[in-house]
Every structure is written in structure tokens, then in C-alpha cells.
Ligand code: S3P
């Protein structure tokens with residue numbers, strides 16, 4: 002396994018971008034958020050891509066750009082919540098680097114996203130009280146795939162100390 006690439010996966014709102022940036026800081030590697038990468042390359046935001054081309058085309062773009070990223074080295078990638086679940090992306094990430102499932106309770110995702118539903122096409126129009134049932138359903142479908150990750154990190158217990166314990170030894174290797 003190539004350990005020059007780290008992939009963070011997990012539900013929306015689990016903290017993939019936040020912790021991904023922190024891991025990249027510690028390792029002094031480059032941080033890439035797959036959604037932002039797609040937006041830059043496509044010159045369109047994610048809600049726009051969903052609206053204009055639909056979810057299945059967005060999933061094609063995720064796979065296309067993830068394939069680009071796996072040829073880069075010393076990168077920490079935060080993927081979108083659905084990315085591992087389409088087009089064999091989980092297998093691709095496991096083959097190309099080390100995967101970390103940021104496991105969060107659905108309540109945490111719902112709390113973090115209740116005021117951001119318009120920015121997430123799959124949450125558009127969902128009322129705050131319907132977010133938990135939506136995430137429960139999503140997790141049921143997606144978790145078997147998330148659990149294929151090499152490591153599982155408890156999003157609720159993750160802090161700077163734990164992060165340093167995990168990643169500083171790697172940086173010194
Ligand atoms: C999605 C999650 C989003 C984004 C898109 C679809 C999903 O990313 O890729 O809205 O299917 O769960 P985040 O997990 O970064 O919110």
C-alpha cells in the first residue's frame with residue numbers, strides 16, 4: 002500500500018474537511034477537498050452541477066477527478082460523503098493509499114448541517130427535523146462501504162492530542 006496518500010471518508014458533516022486540513026498541516030502534505038477540486042475543474046459549484054447535469058453525472062465527475070488525484074503524492078484528500086459508494090471509488094482509494102472513516106453520530110451531522118441544507122443538493126428542501134431520519138437511511142446504505150476503510154476514527158473523540166499521536170510519528174518516519 003502506498004502511504005503517500007490519505008483519504009478521509011464519512012457522512013456529510015462528519016468533519017472530513019476540517020480534520021483533513023489538520024492532518025495535512027501535521028504531515029506537511031497538500032490538502033485537497035474533492036468537491037472543491039471538482040468545482041475548480043468544472044468551473045461550477047456542486048449544487049449547480051447537480052441541477053444542470055444530475056446526480057449520476059456528478060458521480061461520474063467524482064470518479065474522474067479521484068482518478069486524477071490518485072496519481073499525486075503526499076496528499077490528504079477529503080471526499081464527499083457519497084464518493085466512496087460509487088464507481089468502485091472505495092476500492093480505488095484502498096488500492097492507492099490509506100483510508101480513514103470518520104465515524105460520526107447522525108445527530109452530529111444533522112446539527113452541523115441544519116443551516117446549510119441549501120448548499121448540499123441531497124439535503125435541499127429537507128427540514129431540520131427530517132435530517133436525522135435522512136442520515137440514518139444514508140448511513141444504513143453507505144456504512145458497509147465506509148467500513149472497508151483501513152482505519153476508523155471516532156469523530157466525536159478526535160482532538161489535537163489524538164491527531165498528533167496518530168500522525169506525528171508518520172511525519173518523523
Ligand atoms: C454528498 C456530500 C457532499 C457533496 C455532495 C454529495 C453526499 O460532500 O459531495 O453534496 O452524497 O453525501 P460533503 O460530505 O463534503 O458534504
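In the numbering used here, the protein residues as written are 2 to 174. Backbone N, C-alpha and C define an ideal beta-carbon position, used for all residues, glycine too. Values in this document were obtained by computation on a predicted structure and should not be read as measured data.
Own chain partners of residue i with C-beta closer than 6 Å, once the 5 adjacent residues on each side are dropped
i           : result
residue 151 : 99, 100
residue 2   : Since pLDDT at residue 2 reaches only 43, below the 50 mark, its modelled position is unreliable, and the value read off the structure follows with that caveat. Cβ within range, chain order: n/a, list empty.
residue 154 : 101, 103
residue 74  : 5
residue 18  : 34, 79
Cβ-Cβ distance between residue i and residue j below 7 Å
i           : j           : result
residue 55  : residue 12  : no
residue 103 : residue 25  : no
residue 14  : residue 110 : yes
residue 113 : residue 87  : no
residue 32  : residue 77  : yes
Check: residue i C-beta below 6 Å from any heavy atom of the ligand S3P
i           : result
residue 122 : yes
residue 13  : yes
residue 16  : no
residue 47  : yes
residue 81  : yes
residue 131 : no
residue 155 : no
residue 160 : no
Near the ligand GTP: residue i beta-carbon under 6 Å from a heavy atom
i          : result
residue 26 : Among the ligands present in this structure, namely the ligand S3P, the ligand GTP is not found.
8 Å Cβ shell around residue i - same chain, five flanking residues per side excluded
i          : result
residue 90 : 63, 64, 67, 80, 84
Own chain partners of residue i with C-beta closer than 7 Å, once the 5 adjacent residues on each side are dropped
i           : result
residue 118 : 124, 125, 127
At which residue ranges does the region 106-174 contain complete beta strand (DSSP E) runs of 3 or more residues, listed in the order of the chain? Counting whole runs of 3 or more residues, the region 106-174 contains the beta strand (DSSP E) stretches 152-155.
3 or more residues per run - each beta strand (DSSP E) lying fully within the region 25-67: Listed in chain order, the beta strand (DSSP E) elements of length 3 or more contained wholly in the region 25-67 are 31-34.
Continuous beta strand (DSSP E) assignments of at least 3 residues falling wholly in the region 70-104: Correct list: 76-79, 99-104.
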